[in-house]
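**Q** Here it is, the structure, as structure tokens.
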Amino acid sequence: MSSLPSGDKVTPWYKQFWPWFLIGILLSSIMFSITFAVMSVKSFDGMVVQEDYYKHGKAINMVLAKQDRARELNLSADLRLDPLTSDIVIDLSGDARPDVLYLDLIFPTEDDRDQSFVLEHVRDGRYVTQGPDNLRYRWYLQIQPAQENADWRLTGEATFPDENSVTLLPGGRKASE
122 MSSLPSGDKV TPWYKQFWPW FLIGILLSSI MFSITFAVMS VKSFDGMVVQ
172 EDYYKHGKAI NMVLAKQDRA RELNLSADLR LDPLTSDIVI DLSGDARPDV
222 LYLDLIFPTE DDRDQSFVLE HVRDGRYVTQ GPDNLRYRWY LQIQPAQENA
272 DWRLTGEATF PDENSVTLLP GGRKASE
């Protein structure tokens, strides 16, 4: 009364290929999911979540006002980094000569690599400070006359090491743009 012919033997499921193949796919997907979850937790990239958009918008307007003020004062600066002594030299031209300048080196992707420097006025718009050794890669540059509540700001971009000077302008744009 069985539906199987009497000569055929039935092998148990655990001795067949297809159940193990399907179980293997499931187990490998679980293993890869756990691996990627652990990697994402261990290599947190520090992305910033903007919660207060209104404050952020007001801050953008303040930055634009600082750039407009720098344009009114006809400010521009040439920055050089001496590869031997690591001195940072800024030649500021325009209608402002503060006693000190604050230079921010901002790394584009990792905020823990950002650096700030205070440059002392030595003569005729020249400012000098000791910079970091072996500065490499691409950086955003900002100079302003005060650390907080500065009334103007010059910005630029540079890839180090570079023996050429980098021009910093209001808004980071060249005068011809």
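According to this note's numbering, the sequence shown holds residues 122 to 298 in order. Cβ atoms here follow ideal geometry from the backbone N, Cα and C, with glycine treated the same way.
At 3 residues or longer, and completely inside the stretch 189 to 269: list those beta strand (DSSP E) runs for me, N to C.
**A** Assignment of beta strand (DSSP E) within the stretch 189 to 269, counting only whole runs of 3 or more residues, yields 197 to 202, 208 to 214, 221 to 227, 236 to 244, 247 to 251 and 258 to 265 in chain order.
**Q** If I follow the unbroken alpha helix (DSSP H) through Leu147, where does it start and stop?
**A** By 1-based counting over the sequence shown, the position of residue 147 is 26. Run containing Leu147: Phe138 to Lys163, per the alpha helix (DSSP H) assignment.
**Q** Which of helix, strand or coil does DSSP assign to Val287?
**A** Reading the sequence shown from its first residue, position 166 is the one you call residue 287. It is a strand residue.
**Q** Nearest-angstrom Cα distance between Ser214 and Gly246?
**A** Counting from 1 along the sequence shown, the entry for residue 214 is found at position 93. Counting from 1 along the sequence shown, the entry for residue 246 is found at position 125. For Ser214 and Gly246, the distance between alpha carbons rounds to 6 Å.
**Q** Please determine if the stretch 172 to 185 and the stretch 255 to 267 are in contact, where contact requires at least 3 C-beta pairs separated by less than 8 Å.
**A** no
**Q** Does Ala279 come out as helix, strand or coil in the three-state DSSP assignment?
**A** Here residue 279 refers to the residue found at position 158 when the sequence shown is read from its first residue. Correct three-state label for Ala279: strand.
**Q** Using the Cβ count rule (16 or more neighbours within 10 Å means buried), how would you classify Trp139?
**A** The residue labelled residue 139 in the question sits at position 18 within the sequence shown. Result: exposed.
**Q** Buried or exposed for Pro102, going by 16 or more other Cβ atoms inside 10 Å?
**A** Because the chain is modelled from 122 through 298, residue 102 falls outside the range shown and cannot be assessed.
**Q** Which of helix, strand or coil does DSSP assign to Lys179?
**A** The count along the sequence shown starts at 1 and reaches residue 179 at position 58. In the structure shown, Lys179 sits in a helix (DSSP, three-state: H, G or I).
**Q** State the CB to CB distance for the pair Val210 and Val221, rounded to an integer number of angstroms; the pair is presumed to be in contact (CB under 8 Å).
**A** Within the sequence shown, residue 210 is the residue found at index 89, counting from 1. Within the sequence shown, residue 221 is the residue found at index 100, counting from 1. At roughly 14 Å, the Cβ-Cβ gap does not stay under 8 Å, so Val210 and Val221 are not in contact.
**Q** Use the C-beta contact count for Leu200: other C-beta atoms within 10 angstroms, 16 or more gives buried, fewer gives exposed.
**A** In the sequence shown, residue 200 corresponds to position 79, counting from 1. Leu200 comes out buried.
**Q** Can you tell me whether Gln188 is buried or exposed? The criterion is at least 16 other CB atoms within 10 Å of its CB, across all chains shown.
**A** Walking along the sequence shown from the start, residue 188 turns up at place 67. It counts as buried.
**Q** Could you tell me whether the Cβ atoms of Asp208 and Gln251 are closer together than 8 Å?
**A** As a position in the sequence shown, residue 208 is number 87, starting the count at 1. As a position in the sequence shown, residue 251 is number 130, starting the count at 1. The answer is yes: Cβ separation under 8 Å.
**Q** Does the separation of the CB atoms of Ala198 and Leu289 fall below 8 Å?
**A** For the purposes of this step, residue 198 is taken as residue 77 along the sequence shown, with counting starting at 1. For the purposes of this step, residue 289 is taken as residue 168 along the sequence shown, with counting starting at 1. Cβ atoms of Ala198 and Leu289: closer than 8 Å.
**Q** Compute the distance between the beta-carbons of Arg259 and Glu278, then report whether it is under 8 Å.
**A** As a position in the sequence shown, residue 259 is number 138, starting the count at 1. As a position in the sequence shown, residue 278 is number 157, starting the count at 1. Yes, the Cβ-Cβ distance between Arg259 and Glu278 is below 8 Å.
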